[in-house]
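>
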Amino acid sequence: MTDLQPDLRQRPSDDRQATPLPMDLTARELARWSWRQLTSMRTALVLLLLLALAAIPGSVIPQEDIDSLKVSQWRDDHPRLAPIWDRLDLFSVYGSVWFSAIYILLMISLVGCIVPRLLVYARALRAKPPKAPRNLSRLPESTSYETDEAPEVVLARAAAVIRKRRFRVDWTAGASDSVAAERGHLREAGNLLFHLAVIVVLVGVAVGSLFGYKGGVIMFVGKDYGFSNNLTQYDDFAPGSLFDESVMEPFSFTIDSFDVDWITDPDSRRVGMARKFVSHLDYRTEPGAADQQYDLKVNHPLSIGGTDVFLIGHGYAPVITIRDGDGNVAQSGPTVFLPTNAQTFESFGVVKAPDAQPTQIGLEGTFYPTFAMGRDADGRLTMPSSAFGNALDPLVSLFAYTGDVGLDDGSSASVYVLDKAKTTQVMKSDGQPFRMDLRPGDTVTLPDGLGSVTFEGLQRWNKIQISRTPGKLVALAGVVLALLGLLGSLFVRPRRVWVRARRQDDGSTLVEVARLDRSSGGDPETGRDELADIVAALQQHPREDREARA
Amino acid sequence: MNDAQWETLSNQGVAAAGVVYFLALLAYAVQWAALRDAPVRQAVPVGAGVGAGAGAPAEAPAEDVSHRTEMAGRLGVLLTAVGALAHFVALLGRGMAADPNRVPWGNMYEFTLSGTFVVVALFLATTRRWRLSWLGPIVVGFVLCVLLADVLWLYEPVAPLTEALESYWLVIHVVAAIIATGAFTLGAITSVLYLLKARSSKDTGYLARLPEPAVLDRVSYRMHAFGFPIWTFGVLITGPIWAHQAWSSYWNWDPKEVWAFITWVVYAAYLHARATAGWRGRNAAYLALVGAAALWFNFIGINFFSTTSQHSYANGAEVERSVVLRVAPTAVEPAQEVRVVVGADHPRR
Ligand code: HEM
Numbered sequence: 000m001t002d003l004q005p006d007l008r009q010r011p012s013d014d015r016q017a018t019p020l021p022m023d024l025t026a027r028e029l030a031r032w033s034w035r036q037l038t039s040m041r042t043a044l045v046l047l048l049l050l051a052l053a054a055i056p057g058s059v060i061p062q063e064d065i066d067s068l069k070v071s072q073w074r075d076d077h078p079r080l081a082p083i084w085d086r087l088d089l090f091s092v093y094g095s096v097w098f099s100a101i102y103i104l105l106m107i108s109l110v111g112c113i114v115p116r117l118l119v120y121a122r123a124l125r126a127k128p129p130k131a132p133r134n135l136s137r138l139p140e141s142t143s144y145e146t147d148e149a150p151e152v153v154l155a156r157a158a159a160v161i162r163k164r165r166f167r168v169d170w171t172a173g174a175s176d177s178v179a180a181e182r183g184h185l186r187e188a189g190n191l192l193f194h195l196a197v198i199v200v201l202v203g204v205a206v207g208s209l210f211g212y213k214g215g216v217i218m219f220v221g222k223d224y225g226f227s228n229n230l231t232q233y234d235d236f237a238p239g240s241l242f243d244e245s246v247m248e249p250f251s252f253t254i255d256s257f258d259v260d261w262i263t264d265p266d267s268r269r270v271g272m273a274r275k276f277v278s279h280l281d282y283r284t285e286p287g288a289a290d291q292q293y294d295l296k297v298n299h300p301l302s303i304g305g306t307d308v309f310l311i312g313h314g315y316a317p318v319i320t321i322r323d324g325d326g327n328v329a330q331s332g333p334t335v336f337l338p339t340n341a342q343t344f345e346s347f348g349v350v351k352a353p354d355a356q357p358t359q360i361g362l363e364g365t366f367y368p369t370f371a372m373g374r375d376a377d378g379r380l381t382m383p384s385s386a387f388g389n390a391l392d393p394l395v396s397l398f399a400y401t402g403d404v405g406l407d408d409g410s411s412a413s414v415y416v417l418d419k420a421k422t423t424q425v426m427k428s429d430g431q432p433f434r435m436d437l438r439p440g441d442t443v444t445l446p447d448g449l450g451s452v453t454f455e456g457l458q459r460w461n462k463i464q465i466s467r468t469p470g471k472l473v474a475l476a477g478v479v480l481a482l483l484g485l486l487g488s489l490f491v492r493p494r495r496v497w498v499r500a501r502r503q504d505d506g507s508t509l510v511e512v513a514r515l516d517r518s519s520g521g522d523p524e525t526g527r528d529e530l531a532d533i534v535a536a537l538q539q540h541p542r543e544d545r546e547a548r549a
Numbered sequence: 000m001n002d003a004q005w006e007t008l009s010n011q012g013v014a015a016a017g018v019v020y021f022l023a024l025l026a027y028a029v030q031w032a033a034l035r036d037a038p039v040r041q042a043v044p045v046g047a048g049v050g051a052g053a054g055a056p057a058e059a060p061a062e063d064v065s066h067r068t069e070m071a072g073r074l075g076v077l078l079t080a081v082g083a084l085a086h087f088v089a090l091l092g093r094g095m096a097a098d099p100n101r102v103p104w105g106n107m108y109e110f111t112l113s114g115t116f117v118v119v120a121l122f123l124a125t126t127r128r129w130r131l132s133w134l135g136p137i138v139v140g141f142v143l144c145v146l147l148a149d150v151l152w153l154y155e156p157v158a159p160l161t162e163a164l165e166s167y168w169l170v171i172h173v174v175a176a177i178i179a180t181g182a183f184t185l186g187a188i189t190s191v192l193y194l195l196k197a198r199s200s201k202d203t204g205y206l207a208r209l210p211e212p213a214v215l216d217r218v219s220y221r222m223h224a225f226g227f228p229i230w231t232f233g234v235l236i237t238g239p240i241w242a243h244q245a246w247s248s249y250w251n252w253d254p255k256e257v258w259a260f261i262t263w264v265v266y267a268a269y270l271h272a273r274a275t276a277g278w279r280g281r282n283a284a285y286l287a288l289v290g291a292a293a294l295w296f297n298f299i300g301i302n303f304f305s306t307t308s309q310h311s312y313a314n315g316a317e318v319e320r321s322v323v324l325r326v327a328p329t330a331v332e333p334a335q336e337v338r339v340v341v342g343a344d345h346p347r348r
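Heads up: the protein sequence lines correspond to chains F and D, in order. Residues in the first sequence are numbered from 0 upward in steps of one, following numbering that gives the first Met the number 0. Residues in the second sequence are numbered from 0 upward in steps of one, following numbering that gives the first Met the number 0.
Here it is in structure tokens:
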């Protein structure tokens with residue numbers, strides 16, 4: 000940054016600030032002035048603060064990319080504000096024009112700041128340490144002593160002493176009355192490295208978000224179900240804007256089995272909770288390749304080429320068969336129930352039979368892996384609940400609906416939600432809702448000849464997340480380099496030392512030694528110590544020199 | 000020792016640390032009270048010319064007063080160290096009490112316990128080299144208050160970590176966050192002292208005996224310069240690595256991540272401010288305080304204000320409520336819904 004300027008207080012960036020804006024600038028001058036403003040330290044500072052400020056709304060307002068469901072709820076709750084928020088991009092802050100504008104300006108400022116500094120640095124590397132200022136004793140860290148040695152002798156020794164302390168020394172015998180030395184160029188190198196690495200990180204992140212994708216699929220456990228990596232197989236898929244389908248690796252897998260290790264020790268505080276989840280995958284990297292096995296666990300993704308496969312959740316899928324009024328099977332197979340309680344795996348789900356005759360049938364209800372009746376403080380039975388997450392005594396409790404359950408009109412209704420707007424609930428003759436409580440193997444006949452419902456057994460599902468993030472290693476390398484640069488930038492202390500030796504009128508030699516610390520956190524004590532050490536070494540030598548001569 | 004005994008030991012450690020810190024505070028109080036009325040003659044400013052006989056002591060008050068205060072000050076530091084030892088035992092006990100044994104930062108109680116320990120340890124480690132004895136009463140007082148709040152409001156019994164948290168990246172990530180938090184907190188304390196000292200013109204009392212504003216500013220800078228790379232390492236390197244393993248993408252703009260990023264950017268601005276004319280000194284100190292506010296808001300505030308954070312210390316009831324909301328009859332894409340619900344398997348932090 001300011002390596003060529005001895006005075007810390009006057010940075011070039013600060014000087015730029017002082018340039019007034021005359022009213023009669025030519026276009027070229029104006030452009031130059033704007034560029035200087037943009038690449039000044041103060042602008043960088045303001046932009047950094049703006050970036051911090053601009054990131055805040057995204058942590059308060061629900062974000063489309065993160066939780067779109069929350070966004071739609073928020074829209075429903077605030078019909079007036081939502082359009083305004085929309086126009087301000089407040090539901091996708093981190094992709095918004097104004098957020099991008101800030102960091103792009105910051106990047107431009109950064110480049111505009113680094114490039115000139117790189118040039119300055121390259122020159123400074125080759126330059127000699129600056130000559131001693133005229134009046135060394137004016138520097139804050141300076142000292143002097145008198146000796147009867149010749150100035151040349153003192154200076155030669157000074158050059159050796161300081162060089163030994165790993166300074167770059169500029170001194171030619173006879174050419175000047177002072178030795179100039181400098182050390183700590185790595186600070187500026189670190190600083191430049193840090194700022195360059197910020198750009199590398201950004202490039203890596205940008206590549207990932209432009210060319211990568213992330214998708215999820217809920218898969219049933221078992222050999223009968225498989226996944227092969229192409230677009231049609233995903234439940235949700237979020238590609239980057241330059242994503243190209245042809246990069247998708249052609250792997251496939253099935254979930255052979257799924258193990259959960261439940262804590263059964265009754266003394267443990269978390270008895271009934273799950274400790275480990277393992278999906279035993281059978282996978283092929285491409286069609287026709289050899290079968291391979293992998294134990295997929297939380298925190299242990301499977302990497303296939305550049306794609307990573309993660310286990311991020313699991314749950315139960317009761318196998319439910321609906322027979323309609325005509326006795327035909329209108330719906331059968333496992334149905335995903337979503338856990339509503341992360342510990343007991345009490346789950347909520349919907350089964351739809353849009354093809355049932357004479358009328359469509361929809362079921363909605365709760366699955367209890369280990370059914371239990373809750374008790375209140377007085378010991379009376381209250382709400383049913385699930386006591387454990389593992390399926391010790393599975394029970395599914397369902398209500399039935401008839402009418403339009405919403406799948407045959409092509410609307411994009413969720414398979415996890417029963418839209419009850421056009422349905423009627425099936426009632427008992429006493430006017431209470433008709434409820435079925437089924438254990439595996441149970442069949443219940445619906446009233447009014449609607450049909451029957453059978454709970455055949457239990458199946459499990461895994462939520463698998465698959466992502467391809469090119470550039471992630473670039474980003475990682477970037478942050479690691481940034482950290483290294485930062486360490487250099489913060490902890491290397493650039494400093495200069497000068498020694499001047501002059502013959503005085505009385506024949507003695509006045510030796511002046513000064514030191515200039517150029518870092519922001521310079522430590523006066525270590526500085527003082529360094530100066531004292533140098534002076535001590537200078538004064539110590541005469542004896543040794545004389546002894547050597549003797 | 001069995002788990003319950005370790006847990007008891009931990010609780011006793013916290014209590015003992017509290018008592019000893021309080022005694023340390025008393026010792027410091029004695030020290031400063033004795034000095035209260037003695038006016039301060041400015042010593043040669045620390046860091047002034049080398050040749051000019053630097054370090055000449057301030058004109059000493061009466062001999063016995065100076066002796067007494069010095070003894071009290073030393074006792075304060077000694078007691079602080081003893082308290083830190085008890086504090087450490089408390090941390091160790093938390094880790095040993097869990098089955099399987101683990102690092103003691105599974106929840107906010109433990110994080111606070113560790114963070115305050117780092118504050119004290121950093122203070123003890125630097126107090127001689129950087130001559131920070133004047134910081135003793137503030138550090139001990141601060142840590143005492145935070146520990147008290149921690150025990151009163153955040154206490155939780157020992158529990159094992161959820162599976163998502165069993166990752167050594169997470170261990171490194173949180174160690175880094177805790178150490179940086181400790182350093183930034185000390186930096187914030189010295190920044191406040193800097194601002195007060197720069198305003199104050201009194202020549203008796205605590206403020207008057209603080210070193211020059213320039214020295215306070217420098218200590219503050221050093222604390223931040225120490226904390227910033229560690230924060231960078233924790234938040235921008237190990238955090239994303241772990242997030243990538245656990246959540247399948249390294250940066251999710253999760254509220255906790257957003258605020259860690261904001262904190263990082265503000266501290267970067269602080270470092271810039273120190274190099275910019277007109278921002279050096281007071282404004283930089285204000286920025287340091289903004290950074291500390293973001294830091295602590297992230298730690299405490301986000302858990303209460305945000306329900307979307309995957310980092311939230313969600314309990315079953317909370318998950319249940321939010322899921323019931325989610326199955327409200329809106330036409331949503333199934334996958335999103337599932338993602339959210341499955342996210343219910345929240346890591347605790
Ligand atoms: C992404 C944006 C940026 C970030 C995160 C960032 C971060 C940092 C950090 C952490 C430091 C502290 C290192 C130290 O104290 O030596 C620093 C120093 C510095 N930055 Fe930046 N910076 C950014 C942009 C810029 C820009 C645009 C400029 C140019 C105007 C700039 C110029 C400088 C200079 C000159 C220093 C050295 C200050 C000193 O002497 O201490 N930075 N930056």
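Ideal Cβ placement from N, Cα and C applies to all residues, glycine included.
Which residues, taken in chain order from the region 238-254 of chain D, show a beta carbon closer than 9 Å to some beta carbon of chain F?
Against chain F - using a Cβ distance shorter than 9 Å - the residues of the region 238-254 of chain D are P239, I240, W241, H243, Q244, A245, W246, S247, S248, Y249, W250, N251, W252, D253 and P254.
> Using a Cβ cut-off of 7 Å, pull out every chain D residue sitting near D307 (chain F), in sequence order please.
Those within 7 Å of D307 (chain F) in chain D are S247.
> Less than 8 Å between the CB atoms is what I'm expecting for V157 (chain D) and A85 (chain D), so what's the real figure, rounded?
Between A85 (chain D) and V157 (chain D) the Cβ distance is about 18 Å, and since that is not below 8 Å, they are no contact.
> Since R281 (chain D) contacts R273 (chain D) with CB under 8 Å, what's their CB separation in whole angstroms?
The pair is not a contact, with the Cβ atoms about 11 Å apart (cut-off 8 Å).
> When the Cα of D436 (chain F) is compared with those of F:L209, F:K421, F:A399 and F:V414, which residue comes out closest?
Taking only the C-alpha atoms, the option nearest D436 (chain F) is F:A399.
> Anyone know if the C-beta pair for I303 (chain F) and F226 (chain F) falls short of 7 Å?
Against a cut-off of 7 Å, the Cβ pair of F226 (chain F) and I303 (chain F) comes out as no contact.
> Take the Cβ of T171 (chain F) as the centre, count every other Cβ of all protein chains shown within 10 Å, and call the residue buried at 16 or more, exposed below.
When all chains shown are included, T171 (chain F) counts as exposed.
> For the beta strand (DSSP E) that contains R502 (chain F), what are its first and last residues?
Start and end: R494 to R502.
> Chain D partners of N229 (chain F), CB-CB under 8 Å?
Those do not exist, as N229 (chain F) stays about 16 Å from chain D at its closest Cβ, beyond 8 Å.
> If V264 (chain D) and V289 (chain D) are in contact, beta carbons under 8 Å, what's the gap, nearest whole angstrom?
Not quite, the Cβ-Cβ distance comes to about 10 Å (not below 8 Å), so this is no contact.
> Any idea what DSSP makes of G50 (chain D), helix, strand or coil?
Residue confidence for G50 (chain D) is low, a pLDDT of 34 falling below 50, so the modelled location carries little weight; the figure read from the coordinates is stated next. G50 (chain D): coil per DSSP, three-state reduction.
> Is A316 (chain F) closer than 7 Å to P333 (chain F) when the C-beta atoms are compared?
Yes, Cβ-Cβ distance for P333 (chain F) and A316 (chain F) is below 7 Å.
> If we require 4 or more residues per run, which alpha helix (DSSP H) segments fall completely within the region 201-273 of chain F?
Those alpha helix (DSSP H) runs which fall completely within the region 201-273 of chain F and span 4+ residues do not exist here.
> Within its chain, find whatever has a CB closer than 6 Å to the CB of F370 (chain F); leave out the 5 residues flanking it on each side and keep chain order.
Within the same chain, F370 (chain F) has close Cβ partners D392 and L394.
> Quick one: list the residues of chain F neighbouring P103 (chain D), beta-carbon separation under 7 Å, in chain order.
Correct list: empty, because the minimum Cβ distance to chain F is about 16 Å.
> Near T38 (chain F), what residues of its chain come up, given a Cβ to Cβ distance below 6 Å and the 5 sequence neighbours on each side ignored?
So the qualifying residues of the chain are S108, G111 and C112.
> Answer yes or no: does any C-beta atom of chain D fall closer than 7 Å to that of G57 (chain F)?
Closer than 7 Å: yes.
> Between D:P254, D:V191, D:L209 and D:F21, which lies nearest to V361 (chain D) when the distance is taken from Cα to Cα?
Coverage of chain D is limited to positions 0 through 348, which leaves residue 361 (chain D) absent and any answer about it impossible.
> For ligand 1, any of its heavy atoms closer than 6 Å to the Cβ of V204 (chain F)?
No, the beta carbon of V204 (chain F) sits no closer than 6 Å to any heavy atom of ligand 1.
> L270 (chain D): beta carbon under 6 Å from a heavy atom of ligand 1?
Answer for L270 (chain D): yes, Cβ within range of ligand 1.
> If I178 (chain D) and V117 (chain D) are in contact, beta carbons under 8 Å, what's the gap, nearest whole angstrom?
Between V117 (chain D) and I178 (chain D) the Cβ distance is about 5 Å, and since that is below 8 Å, they are a contact.
> Please report the straight-line C-alpha distance between P368 (chain F) and W252 (chain D), rounded to a whole angstrom.
Approximately 34 Å, taken between the alpha carbons.
> Looking only at DSSP bridge pairs, what is F454 (chain F) linked to?
BP columns for F454 (chain F) point to F:I319.
> Over what stretch of residues does the alpha helix (DSSP H) that includes K471 (chain F) continue unbroken?
Per DSSP, K471 (chain F) belongs to the alpha helix (DSSP H) from K471 to F490.
> Could you work out which residues of chain D lie near M106 (chain F), taking near to mean beta carbons separated by less than 8 Å?
Near M106 (chain F) there are no residues of chain D at all, since even the closest Cβ is about 14 Å away, more than 8 Å.
> Helix, strand or coil for I137 (chain D) per DSSP?
Three-state result, I137 (chain D): helix.
> Would you say the beta carbon of N190 (chain F) is closer than 6 Å to some non-hydrogen atom of ligand 1?
Within the cutoff, so yes.
> Find out if the Cβ-Cβ distance for the pair Y120 (chain F), E181 (chain F) is shorter than 7 Å.
No.
> Would you please state the rounded distance, in angstroms, between the beta carbons of D290 (chain F) and V277 (chain F)? I believe it to be under 8 Å.
Not really, about 18 Å apart at Cβ, beyond 8 Å.
> Is it the case that the CB of S108 (chain F) approaches a heavy atom of ligand 1 more closely than 6 Å?
Yes; taking the cut-off as 6 Å, the Cβ of S108 (chain F) has a heavy atom of ligand 1 nearer than that.
> Give a yes or no on whether the minimum CB-CB distance between P210 (chain D) and chain F is below 7 Å.
Taking Cβ atoms only, chain F never reaches closer than 7 Å to P210 (chain D), which makes this a no.
> Of the residues F:Q503, F:D532 and F:S488, which one's Cα is nearest the Cα of S518 (chain F)?
Nearest option by C-alpha distance: F:S488.
> Please list the terminal residues of the continuous beta strand (DSSP E) segment that includes K163 (chain F).
That residue, K163 (chain F), is in no beta strand (DSSP E); its alpha helix (DSSP H) goes P150 to K163.
> Taking C-beta pairs closer than 7 Å, name the residues in chain F that I236 (chain D) reaches, listed in chain order.
The contacting residues are V478, V479 and L482.
> Just how far apart, CA to CA, sit D258 (chain F) and L151 (chain D)?
Their Cα atoms are separated by approximately 40 Å.
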